[in-house]
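Beneath this line is the structure, given in structure tokens, with notes to follow.
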Amino acid sequence: MDEERPPVVLVPRGGAWGEAVAAAARQRGLDPVVVPLIADAPPEDPAALDAALARLAAGHEDSAEDADEDGVPDGRHGAPPTGRTRPDAAGPGAPWLVVTSATAVRVVAGRVPRLPAGVRVACVGAATARAARQAGWPVDLVPDDESAAGVAAALPSDAGPVLFPRSEIAATTLVDGLRARGIAVSEVVAYRTVGTGDEPVVLAPPPDAVLVTSGSVAQQVVRRMTPLDPRTHVACIGPSTADAARAAGLPVHVVARSRSAEALLDAVVETLHPNPRTGRSS
1 MDEERPPVVL
11 VPRGGAWGEA
21 VAAAARQRGL
31 DPVVVPLIAD
41 APPEDPAALD
51 AALARLAAGH
61 EDSAEDADED
71 GVPDGRHGAP
81 PTGRTRPDAA
91 GPGAPWLVVT
101 SATAVRVVAG
111 RVPRLPAGVR
121 VACVGAATAR
131 AARQAGWPVD
141 LVPDDESAAG
151 VAAALPSDAG
161 PVLFPRSEIA
171 ATTLVDGLRA
181 RGIAVSEVVA
191 YRTVGTGDEP
201 VVLAPPPDAV
211 LVTSGSVAQQ
221 VVRRMTPLDP
231 RTHVACIGPS
241 TADAARAAGL
251 PVHVVARSRS
261 AEALLDAVVE
271 TLHPNPRTGR
281 SS
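Next comes the structure, spelled out in structure tokens:
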């Protein structure tokens, strides 16, 4: 690796996210190159999303009407009153909004400026939770296992109806997990993830690392960047993304310890061994 330059990392999305990740990379002595491989697009049927969000609000109103004078629902949603409350004082039967990406947060917040007061919010990980809080949402649950399976396992068994606004190509892990536990969940496409073109992406010199933040990114790397230079590390944001990258035919060299861009960059730095004094590879 060239000792006269910092390690080059390819950031696969543009916009505010790409700018923030590029800034975080520079802080770590890396040289980011933003090459948007994917972008977000509206769902084919935006009316379905609006209707689902309206039902979420209506579900909250139903829960409030079912509450007794102490504010405890009467169990109409399938769980009898237990007398216990969650740390935020919400009783059983409260509706939940589950989000597994910052993009889902942005889309929903753009259509519903304020969530109904009684709706609980579960986020797949710290980065999604940060986006939710920035949107003004209270965050009630972030699982220790930052994955769709982790959310499905951690949601309270007495949860009310769950809405899952998702990417068009999201896996069924979350929905299957909740239904297996007997929790009512409805899913709706909130956005589509699309490629940004077909032309090959060639960087000179080749990047030292490519950040792979989703299965969609992995597919676009395969479509537009393979064969990768043997010196290029494929860095994945989490185990599920690493599995998707391998399924797409990519080698995986780096997996972040937690599901955030910051943790991914830290893992890249650790793998590439930059010199602490110069920020350059040693």
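Start counting the sequence shown at 1; every next residue gets the next number (the UniProt record's numbering).
All C-beta atoms in this analysis are idealised placements derived from N, C-alpha and C, irrespective of residue type, glycine included.
Assigned secondary structure, residue i (DSSP; H/G/I helix, E/B strand, else coil)
i, result
"residue 193", "strand"
"residue 285", "Residue 285 lies beyond the stretch modelled for the chain, which goes from 1 to 282, so this question has no answer here."
"residue 186", "strand"
"residue 165", "strand"
"residue 250", "coil"
"residue 137", "coil"
"residue 75", "Below a pLDDT of 50, predicted positions are generally treated as unreliable, and residue 75, at 30, falls in that range; the measurement from the model is reported next regardless. Three-state result, residue 75: coil."
"residue 286", "The chain is shown from 1 up to 282; residue 286 falls before or after that span and cannot be answered."
"residue 229", "coil"
"residue 19", "helix"
"residue 150", "helix"
"residue 143", "coil"
"residue 46", "helix"
"residue 201", "coil"
"residue 14", "coil"
"residue 216", "helix"
"residue 104", "helix"
"residue 55", "helix"
"residue 155", "coil"
"residue 271", "helix"
"residue 265", "helix"
"residue 112", "coil"
"residue 181", "coil"
"residue 223", "helix"
"residue 259", "coil"
"residue 64", "With a pLDDT of 41 at residue 64, under the threshold of 50, the predicted position of this residue should be treated as unreliable, though the coordinate-derived value follows. In the structure shown, residue 64 sits in a helix (DSSP, three-state: H, G or I)."
"residue 132", "helix"
"residue 126", "helix"
"residue 170", "coil"
Option nearest residue i by Cα separation, candidates the options
i, options, result
"residue 204", "182, 229, 155, 197", "229"
"residue 242", "231, 216, 42, 154", "216"
"residue 166", "38, 27, 97, 250", "97"
"residue 52", "187, 37, 214, 192", "187"
"residue 168", "21, 137, 222, 100", "100"
"residue 252", "260, 49, 231, 262", "231"
"residue 260", "128, 49, 7, 41", "128"
"residue 249", "271, 121, 226", "226"
"residue 93", "56, 19, 10, 110", "56"
"residue 144", "160, 154, 218, 137", "154"
"residue 190", "41, 4, 10, 12", "41"
"residue 116", "136, 262, 156", "136"
"residue 195", "133, 221, 170", "221"
"residue 218", "245, 198, 208", "245"
"residue 208", "271, 46, 142", "271"
"residue 181", "171, 159, 197", "159"
"residue 134", "109, 125, 48", "109"
Beta-ladder partner(s) of residue i, from DSSP
i, result
"residue 39", "194"
"residue 96", "120, 162"
"residue 31", "8"
"residue 235", "211, 254"
Contact set for residue i: own chain, Cβ-Cβ below 6 Å, skip 5 residues either direction
i, result
"residue 131", "102, 105"
"residue 17", "none"
"residue 28", "265, 269"
"residue 200", "224"
"residue 31", "6, 8"
Inter-residue CB distance, residue i and residue j (contact presumed, cutoff 8 Å)
i, j, result
"residue 255", "residue 267", "7 Å"
"residue 43", "residue 192", "6 Å"
"residue 139", "residue 123", "6 Å"
"residue 95", "residue 120", "7 Å"
Sequence-distant residues of its chain with Cβ nearer than 8 Å to residue i (five each side left out)
i, result
"residue 283", "Any answer about residue 283 is impossible in this case: the structure gives the chain only from 1 up to 282."
"residue 14", "34, 36, 39"
"residue 50", "111"
"residue 11", "18, 21, 22, 25, 32, 33, 34, 35, 211"
The ligand SAH heavy atom lying under 6 Å from the CB of residue i
i, result
"residue 94", "In the structure shown, the ligand SAH is absent, as is every other ligand, since no ligand is present at all."
Contacting residues, own chain, Cβ-Cβ under 7 Å from residue i (five flanking each side not counted)
i, result
"residue 239", "255"
"residue 149", "173, 177"
"residue 206", "229, 231, 232"
"residue 142", "123, 125, 126, 129"
"residue 262", "24"
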